[in-house]
Structures are given as structure tokens and as C-alpha cells.
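Note sheet for the following structure.
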Amino acid sequence: MLYPKNTVTRTLISLDGMWKFQPEDGTIDPGKPLPAPQWMAVPGSFNSQTPDAKFNNRTGYFWYETTLVIPADQAQKRNVLHFGSVTHSCEVFLNGKKIGSHVGGFTPFEIDISGFAKAGDNDLKVRVSNILDNTTLPSADYHDGTVQPRFDFFNFAGIHRPVRLYSTNQTYLETIQVPYETDLVQTTVMPKITVHGDFASCQVSILDENNEVIDTTDSLTGELHISDTHLWQVGKAYLYQLRVSLFDENANLLDTYTHQFGVRTVAVKHNKFLVNGKPVYFQGFGRHEDFIASGKGLNLPLLNLDYQIMKDLGANSYRTSHYPYSEEAMQQADREGFLIIDEVPAVGFFLGFNVDLADKRVAKSTWDVLDPQANHEQALREMINRDVDHPCVVMWSIANEPAGHQAGAHEYFEPLCKLAKSLDWQKRPITWADIGNDDWDVDKIADLFDVICLNRYFGWYSEHGDLAAAKQALSENIEHWHGRFPDKPLLFTEFGADTVAGLHNLEREPYSEEYQTDLIAAYFDVFDKYPYIIGEQLWNFADFKTSDSLIRVNGNLKGVFTRDRQPKQVAGLLKDRWTHGVEDRAAK
Ligand code: GCB
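Here the numbering used here = 1-based position in the sequence shown + 10.
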């Protein structure tokens with residue numbers, strides 16, 4: 011699936027704006043106008059656009075409605091509706107007829123509406139579900155019409171990313187991927203292009219950043235060459251474009267599309283993570299797509315601000331915890347030279363988490379009770395197909411904090427790891443974010459992955475308030491993991507402390523800005539001792555909304571920034587550290 015763009019042969023119409031919206035209540039007929047609608051902004055979560063908590067927390071089905079106007083000259087063409095994402099699943103109706111559906115809330119899908127749409131006004135309705143259960147990604151307990159999330163972020167739902175109508179001719183480019191081989195100077199590009207329909211000839215060219223053509227072929231399967239390659243580098247992006255054009259026998263243009271890519275290599279070797287053959291050190295965050303009013307909806311000014319804040323601190327990376335972020339976020343990471351760990355929404359795959367925490371014993375294995383394999387495979391396919399050509403993506407994360415220590419975990423993950431490698435022409439490294447319960451002595455899955463990512467909360471959920479003990483536990487944990495997997499790099503993908511912005515405490519106690527600063531500094535002291543630690547990504551970039559619970563006061567407060575992006579004290583520590591010595595940390 012190609013990211014929708016206007017080109018000489020393609021017209022793009024945005025359907026973003028105010029749509030009509032109504033929770034399902036037995037009165038809705040897809041063939042008739044919604045009987046009692048309210049306004050809802052698209053893109054955006056529906057949960058944070060009213061002050062009514064009961065409404066915002068509701069579980070079930072929700073209807074969106076808008077008028078899709080197709081200009082007469084466009085009606086002759088092939089017309090496609092493209093959704094950036096609808097969370098978590100949906101059915102789409104045009105003029106009262108169901109024309110498609112999609113499961114999975116964080117990846118795009120599209121529907122060819124040519125046979126159903128007419129010139130002029132068309133009634134478009136989307137029936138969205140926010141129901142999650144034992145088969146879905148993310149995972150949740152679904153009982154008596156309510157969802158109990160097994161994850162620590164608010165179950166935002168709705169039409170989260172842009173909705174666009176685009177038109178093509180009957181012959182069109184279906185997919186483009188840009189596999190290449192490079193010795194970092196000479197690059198050979200072997201595009202993989204699929205076309206629907208007939209064409210007489212084609213032209214495939216590589217353009218540099220000045221839009222100069224640097225090589226061309228007249229075959230869809232031809233090789234192209236870049237001599238003196240401008241590499242895509244961390245913090246110093248360079249992006250090429252592959253332009254593909256199809257012609258009929260009279261040399262009329264049938265379709266044309268330009269697809270962006272960057273050239274760089276990624277490898278894991280002897281405890282190091284190499285980009286373009288040089289070790290890198292990941293500095294950055296676990297994050298969330300989360301904000302006031304827009305919820306998880308695409309918010310471009312916020313997206314830009316977040317990159318600027320992260321760059322200002324000297325961050326060079328983040329993990330898309332705990333689901334693939336918008337394509338626009340990945341495009342920006344390509345431009346800014348960020349390193350992205352791209353994560354599927356496999357979160358909450360740990361049954362009996364509380365029981366396990368309390369007495370280290372679970373009645374039944376997660377892998378006997380949950381049944382998410384088919385959806386997990388689908389989510390991996392959709393994420394990798396969407397993001398495979400983004401140079402920013404340097405690693406796939408197959409899950410966050412699964413019960414990797416329970417019986418059946420290895421059998422569950424092995425085929426998914428193979429699938430991830432098989433879908434990716436680059437064979438990027440794969441990882442998962444390990445939870446403390448699935449520790450070095452009980453883990454059954456680490457051998458499947460290239461990098462061990464650790465989420466650890468010494469000094470917070472254990473050794474609470476005692477940083478000397480936390481440092482000791484952290485060091486021991488690192489040494490144990492390294493002892494068991496001496497060749498695998500370790501990357502800390504979560505560590506942090508809930509911190510109430512503005513709370514200061516002379517004794518530097520938990521929840522104060524001082525404690526958060528001390529805890530992060532303590533982790534840094536420990537990390538610097540070990541050459542095989544390849545990075546530090548704090549939890550979290552910013553405070554974020556969660557469901558209510560005894561340990562969540564106005565959400566998760568482990569942000570380095572508040573939800574409205576005001577810095578806490580620890581931001582100064584990060585800037586001091588990250589704007590100095592990153593090369594030394596990478597080379598240590
Ligand atoms: C974790 C989870 C993350 C939570 C975090 C916390 O381990 O991966 O989703 O938000 O802990 O703050 O408890």
C-alpha cells in the first residue's frame with residue numbers, strides 16, 4: 011500500500027474535519043442519517059472531545075458519518091478510500107452498503123470504492139469498535155460489556171489518523187519497496203514494484219535531494235546504481251526518492267509516484283549496534299501518542315514540537331511504545347535522523363500479572379489462555395509492510411512485556427520472529443521489551459532476539475525510595491543477563507519514577523522532581539560501567555493518560571515533561587548528558 015499522495019496522475023482529497031458521531035444505541039440504520047449525532051473531529055480520539063467521563067469511558071460500537079463528495083471528472087477514475095488508522099476495528103459503509111472492514115487500530119487500510127461511489131454526494135459511515143479481548147492487540151479482559159485493559163495507557167479509540175480519497179487511472183502502481191545493497195560508497199538498488207493493469211513502458215529513476223536524476227532504467231526489475239552514496243546517518247538524514255512512471259503505447263503517462271528511501275546499514279555484532287558500520291548509543295525515550303483533546307489522534311504541531319524538544323535534549327531515538335505510530339511520525343524521524351524501535355501493539359500478554367507479582371505463581375500460562383497469534387501475525391505484517399523502507403526504523407519490537415517466562419512462550423514467539431525476518435528485505439534486528447518478572451534466570455524467549463531490551467523499575471516498584479539498593483539490584487541484573495547472553499547487547503527501554511510536576515522535597519523523596527532526577531542519574535552511573543549496554547530510553551517522554559487506578563493520579567506521571575510539555579527538573583540532567591559524549595558512550 012502506498013502512502014497517499016497527489017501526483018500528476020493521482021488526485022487526493024482530504025476528508026478530515028468535523029464528522030457526525032453517535033454511540034450505537036439500537037436506533038442506527040446505515041442507510042439513513044444518524045438520528046441524534048454530535049460533532050467529532052477527525053482525526054482524533056472520541057474519548058477526549060467532551061467533558062463527560064461516562065461517555066469517554068464507554069465500551070462498544072460508535073458511528074461516524076460524513077458526506078463524501080466526488081467531483082464528476084474524478085468519478086470516471088479508480089477511487090480509493092484510505093484510512094491512516096481506525097482504533098481498534100471498524101466496518102465501512104457507503105450509501106448504506108457495507109464495503110469493507112479492518113481489524114487492528116494502528117495501521118492503515120484502504121478500500122477501492124469505484125463500484126460503489128457515484129459523482130456528487132455519497133454517504134460515508136464508519137462503525138468503530140473499541141472492544142479488546144483475549145484475541146486482540148492490545149490485550150484486555152472483556153467481561154459484561156466492559157474492557158479491563160491489561161496495559162497502562164488509556165484505551166483511546168476512534169478515527170485516529172487522516173482519511174483520504176485518492177484517485178488513479180485503471181492502471182496503477184500498487185506497491186513499491188526499495189531493497190538495496192551497499193558497501194557504504196557504491197549502492198545497488200533493486201526495486202520491488204507491483205502494478206495493476208496494462209502498460210507499454212516504464213521509467214524508474216533515483217533522484218537525490220536536489221531532485222537531480224542520478225540513475226534511470228526502463229525496466230521495473232532493473233537495477234539502479236548510486237556511486238558516492240550520501241548515507242542516511244543518525245542526526246544527519248539524507249533521503250533519496252525512487253520515481254516510478256508507467257506509460258501506454260502512445261507514451262501517455264498512466265501513473266507516477268515517488269517513494270522516499272535512505273541508504274544505511276544496520277547490524278548487531280559483538281554486543282554492539284552498528285549503523286553504517288559504526289556503533290551507536292540510543293539516547294531517548296519510550297513515548298505515547300497522547301495529548302489533551304486529540305487523544306491518540308494525529309496532531310502535527312505536537313508531533314513537530316516533540317521532535318524539537320527531543321532534539322534540543324540531544325535525544326537520538328525512541329521506541330514506538332506500545333503500537334506503530336503514524337506514518338507522518340515515521341516520515342519526520344526519517345527527516346530528523348532519529349533511530350526508531352518500531353513496536354507492534356502486542357502489549358498486555360501477561361495473564362495474572364498481579365498474582366505473579368505477589369507470589370511468583372500463576373495458575374495458568376498466558377499462552378494457554380490468550381489467543382492473539384493470528385492478530386499478532388497480521389499486525390506484524392501490516393507494520394513491516396508499511397515501515398520497511400523507512401531508514402529511521404532500525405529494529406522491530408515484537409512485544410512489550412509478554413510473559414516470556416511462562417510455559418509456551420518460546421513456541422508462541424518463534425514463528426513470529428521468523429515471520430518478522432521474512433517480511434523484511436533488510437533483515438533488521440528484532441527485539442522485545444522484557445519485564446522484570448521474566449528475568450534472566452526464568453526467561454524462555456531471549457534466544458530468539460538480536461537485542462535484549464529491558465524495562466526495569468528498581469528504585470520505584472521495588473527498592474522504592476532506596477537508590478543505593480536500586481543501583482545494586484540494577485548492576486546485578488545487568489551482569490546476570492550478560493552472563494547468560496554474552497554476545498547480545500542490552501538496551502534499557504524503560505526506567506523511571508512517577509513525579510508530580512512542581513513537587514519539591516528537601517529530602518529528595520519519591521514523587522518529587524528531585525527523586526526522579528536522582529533515580530535517573532543513578533541508572534546512568536550504572537550504565538556507564540558496562541560496554542555492552544547500547545542505550546537508555548527513559549519511561550516516559552511525557553506524562554500520559556491512563557485508566558483510573560490506585561497508583562495512577564491523573565495518569566502515569568513518569569514523564570520528563572508534563573502532558574502539556576513543560577519540563578520537570580530531570581530534563582536538565584538529560585540535556586547535560588546527551589549533548590555531550592554520545593560518541594564516547596557508543597565506543598565504550
Ligand atoms: C511498564 C510498561 C509501561 C508502563 C510502565 C509503568 O513496564 O511497559 O506500559 O506504563 O511500566 O509506568 O508502570
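Glycine included, every Cβ here is placed at the ideal spot set by N, Cα and C.
Quantities reported herein were computed from a predicted structural model and do not represent experimental measurements.
Bridge pairing for N395: absent [DSSP]. Here the alpha carbon of T21 sits roughly 45 Å from the alpha carbon of D558. Short note on W549: C-beta closer than 7 Å to some heavy atom of the ligand GCB. Around the CB of M28, fewer than 16 other CB atoms lie within 10 Å, so the residue is classed as exposed.
Between S327 and the set V244, S432, L567 and F534, the nearest pair of CA atoms involves V244. A direct Cα-Cα distance of roughly 22 Å separates W73 from D300.
If you draw a straight line from the Cα of S485 to the Cα of W491, it comes to about 10 Å.
In this structure, DSSP gives L308 a state outside helix and strand, which the three-state scheme calls coil. Under DSSP, H112 forms a beta bridge with C100.
Between C100 and S139, the beta carbon gap of about 7 Å places them in contact (Cβ cut-off 8 Å). Counting C-beta pairs with one atom in each stretch, the segment 470-478 and the segment 418-435 have fewer than three that are closer than 8 Å, which means they do not touch. For a cut-off of 8 Å, the C-beta gap from L147 to N385 is around 5 Å, short enough to register as a contact. With 16 or more other Cβ atoms inside 10 Å of its own Cβ, P53 counts as buried. For D352, the secondary structure class from DSSP, reduced to helix, strand or coil, is strand.
At least one heavy atom of the ligand GCB is found less than 7 Å from the C-beta of F161. Boundaries of the beta strand (DSSP E) harbouring E120: F119 to D122, taken from the DSSP string. Pairwise C-beta distances place the segment 584-594 out of contact with the segment 334-344, as fewer than three of them are shorter than 8 Å. For S177, the CB contacts under 7 Å within the same chain, skipping 5 residues up- and downstream, are R20, T21, Q84, K87, R88 and N89 in chain order. With respect to the C-alpha of D265, the residue from I216, V188, T181 and A511 having the closest C-alpha is T181. Distance from the C-beta of E504 to the nearest heavy atom of the ligand GCB is below 7 Å. In the structure shown, Y328 falls within a strand segment according to DSSP collapsed to helix, strand and coil. CA-CA distance, P61 to N67, rounds to 11 Å. Where F423 is concerned, the enclosing alpha helix (DSSP H) starts and stops at A419 to L433.
The three-state reading of DSSP puts S557 in coil, since its state is none of H, G, I, E or B.
Comparing alpha carbon positions, the residue from Q158, D508 and R171 closest to G305 is R171. Nearest neighbour of A596 by Cα position, chosen from L501, G506 and R573, turns out to be L501. One thing to note: L91 has its Cβ within 8 Å of the Cβ of L175.
When the Cα atoms are used, A479 and I543 turn out to be separated by approximately 20 Å.
Excluding five sequence positions before and after Y317, the CB atoms of its chain that fall closer than 7 Å to its own CB belong to Q342 and E346, given in chain order. Ranked by Cα distance from L567, the options A511, A532 and Y525 are led by A511. The segment 205-225 makes no contact with the segment 542-556: fewer than 3 CB pairs, one atom from each, lie closer than 8 Å.
Pairing S375 with F161, the inter-Cα distance amounts to about 18 Å. Annotation for H332 indicates a beta carbon within 7 Å of some heavy atom of the ligand GCB.
The secondary-structure analysis by DSSP pairs L183 across a beta bridge with V205. Contact annotation, I186 with Y267: C-beta distance approximately 7 Å; criterion of less than 8 Å satisfied.
I445 has its Cβ nearer than 7 Å to a heavy atom of the ligand GCB.
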